[in-house]
Amino acid sequence: MREALEALKATKGVHVAALLSEDGFVVEEVRKEGAPESSLLSARAATVLGAAKALGQTLGQVGPEEVMVEYPEGALLLVPLPGHHLLLLLDGVRSLGRVRLTLKRVLPQITEALT
Numbered sequence: 015m016r017e018a019l020e021a022l023k024a025t026k027g028v029h030v031a032a033l034l035s036e037d038g039f040v041v042e043e044v045r046k047e048g049a050p051e052s053s054l055l056s057a058r059a060a061t062v063l064g065a066a067k068a069l070g071q072t073l074g075q076v077g078p079e080e081v082m083v084e085y086p087e088g089a090l091l092l093v094p095l096p097g098h099h100l101l102l103l104l105d106g107v108r109s110l111g112r113v114r115l116t117l118k119r120v121l122p123q124i125t126e127a128l129t
């Protein structure tokens, strides 16, 4: 698990990569120096993901594949996983393509570790 999170953090533009429990507790995190701790974001991120799931149900969808929130100084990417979710804090949307490529490579490792 840690190896997969480190690979995400090594991706240009990623400041924080964290595995969170479904209810918002930090299971494991890696972050660059000076980046906010996942514990400051985790509970609220779980709320955002829960709201996105509820919205999807209202629309007749199974659930989101990912949720991105963009801010002037960065972006937050949340990826639902079995019983968990992945939180990535990015420097902005310009890093999204690289991050998605890395995610495609490491998500099978993370999912396997969770089952």
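One point on numbering: in my numbering, the residue at position 37 of the sequence shown is 51, and numbering is uninterrupted.
Beta carbons are placed, not taken as given, at the ideal position from N, Cα and C, and that holds for glycine.
Just so it is clear, the structure is predicted and the values come from calculations on it, not from any experiment.
What are the boundary residues of the beta strand (DSSP E) that includes residue i?
{"i": "R45", "result": "V40 to R45"}
{"i": "E84", "result": "V81 to Y85"}
{"i": "G70", "result": "Taken as a continuous stretch (DSSP letters only), G70 belongs to no beta strand (DSSP E), being part of the alpha helix (DSSP H) at S52 to T72."}
Have a look at the options and flag the residue whose alpha-carbon is nearest the alpha-carbon of residue i.
{"i": "G111", "options": "K67, V76 and V28", "result": "V28"}
{"i": "E36", "options": "V76, L101 and L115", "result": "L101"}
{"i": "H98", "options": "K26, V41, A24 and G77", "result": "V41"}
{"i": "D105", "options": "L63, E87, T116 and V44", "result": "E87"}
{"i": "L63", "options": "A49, S53, P78 and E51", "result": "P78"}
{"i": "L103", "options": "Q123, A65 and V113", "result": "V113"}
Excluding five sequence neighbours on each side, which residues of the same chain lie with their C-beta closer than 8 Å to the C-beta of residue i?
{"i": "V107", "result": "M82, E84 and A89"}
{"i": "R16", "result": "E42 and V44"}
I need the straight-line Cα distance from residue i to residue j, nearest angstrom please.
{"i": "Q75", "j": "A68", "result": "9 Å"}
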